[in-house]
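What follows is one structure encoded as structure tokens, with my remarks underneath.
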Amino acid sequence: MEKLIIRNEKASDKAEVEAMLRNAFWDVYMPGCSEHYLAHVMREHKDFIPELDLVAELDGKIIGSIMYARSVLKDGSGNEKDVLTFGPLGILPEFQRKGAGKALMERSFAAALEMGYEAVVIFGNPGNYVSSGFKSCKKYNVCLEGDVFPTAMLVKELKPGALDGRKQFYCESPVYNIDISAAEEFDKLFEPREKGYRPSQEKFFIYSHSLVQ
Ligand SMILES: CC(C)(COP(=O)(O)OP(=O)(O)OC[C@H]1O[C@@H](n2cnc3c(N)ncnc32)[C@H](O)[C@@H]1OP(=O)(O)O)[C@@H](O)C(=O)NCCC(=O)NCCS
70 MEKLIIRNEK ASDKAEVEAM LRNAFWDVYM PGCSEHYLAH VMREHKDFIP ELDLVAELDG
130 KIIGSIMYAR SVLKDGSGNE KDVLTFGPLG ILPEFQRKGA GKALMERSFA AALEMGYEAV
190 VIFGNPGNYV SSGFKSCKKY NVCLEGDVFP TAMLVKELKP GALDGRKQFY CESPVYNIDI
250 SAAEEFDKLF EPREKGYRPS QEKFFIYSHS LVQ
């Protein structure tokens, strides 16, 4: 990993990044996956942030990528604050748990802070993110409509003190609300691959259906 290069995605990387994401996410959260399609549509979306679209390259091969969109926090008085959401974030299975995911996150956080962004809100498995400074949304009083604090909703302040504890509602960019049938059509452009079950799908179900009290 010493030779790992983190750089911005180039137009010529797109197909390789989408194929890499398909391999990184296949059967992890559901039979098959749709993150390669998300990446494909995200680049054209108004909320996409190309400056934070980074790839991890090793010996000329793209082994990982992270992509960001602009989302919003709204307080009870109608004030709005732009925040960041990242996803997909993926590393090729054979290169996972060697620090590449963390390197992509750390580099993107530094660039985001320079761009003036102060906080990141994501949905993910806490085990992947707490060591990079993410905390439960409840700790920052950031919730979903209906005062809901999902277990998998995690918040990181890029600028300490950026979130002052007032209740704020997280409004995720609509780019993440992808058309599943369009994703299935898109997947037909790739090498056919069998869909299967993995225990990580059950872990995902549990995390994505639980709330912090
Ligand atoms: C999640 C993912 C991006 C992490 O990248 P990575 O390069 O494998 O992880 P890193 O080596 O940088 O480790 C980052 C942290 O996550 C933890 N971690 C990574 N994979 C993990 C796993 N499968 N289970 C639990 N913890 C994990 C590591 O322990 C590390 O924490 P630490 O610093 O306390 O040791 C990568 O494993 C991946 O692409 N997974 C499949 C797709 C996916 O789940 N993407 C995230 C969607 S929210």
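Going by my numbering, the sequence shown opens with residue 70, and the numbers climb by one from there.
C-beta: ideal position from N, C-alpha, C; glycine also.
Remember, predicted model here, so these are calculated numbers, not experimental data.
Would you check if the distance between the CB atom of residue i and the CB atom of residue j is smaller than 9 Å?
i    : j    : result
K236 : L223 : no
P195 : A172 : no
G133 : G159 : yes
V189 : L227 : yes
I131 : A125 : yes
M184 : F155 : no
Y186 : V152 : yes
I275 : S103 : no
L123 : E78  : yes
L107 : P157 : yes
Can you give me the Cβ contacts of residue i inside the same chain, cut-off strictly under 7 Å, excluding the 5 residues immediately before and after it?
i    : result
A70  : At residue 70 the sequence reads Met, which differs from the Ala that was named. K167, G168 and A169.
A180 : E120 and L121
P162 : N92 and A93
G202 : K225
M111 : F117, M136, A138 and V244
K83  : none
Taking its Cβ as the centre, do 16 or more other Cβ atoms sit within 10 Å of residue i, making it buried, or is it exposed?
i    : result
E214 : exposed
H109 : buried
E253 : exposed
L182 : exposed
P219 : buried
Could you check how far apart the C-beta atoms of residue i and residue j are, in whole angstroms? I think they sit under 8 Å.
i    : j    : result
S177 : L121 : 5 Å
S140 : S242 : 5 Å
Once the 5 residues before and after residue i are set aside, which same chain residues still bring their CB inside 6 Å of it?
i    : result
F192 : A221 and M222
V211 : V224, Q237 and Y239
Y209 : V224 and L232
Heavy atom of ligand 1 less than 8 Å from the Cβ of residue i, yes or no?
i    : result
A172 : yes
A93  : yes
P100 : no
L213 : no
I160 : yes
For residue i, collect the residues of the same chain with a Cβ closer than 8 Å to its Cβ; drop the 5 residues on either side in sequence, then sort them by chain order.
i    : result
Q270 : D96, V97, Y98, M99 and P100
V88  : Val is not the amino acid found at residue 88; the sequence shown has Ala there. So the list reads H105 and F259, once near-sequence residues are dropped.
K72  : L127 and D128
G234 : Y209 and N210
Less than 9 Å between CB atoms is the rule here; does residue i satisfy it with respect to chain B?
i    : result
G196 : Among the chains in the structure shown there is no chain B, since it carries only a single protein chain.
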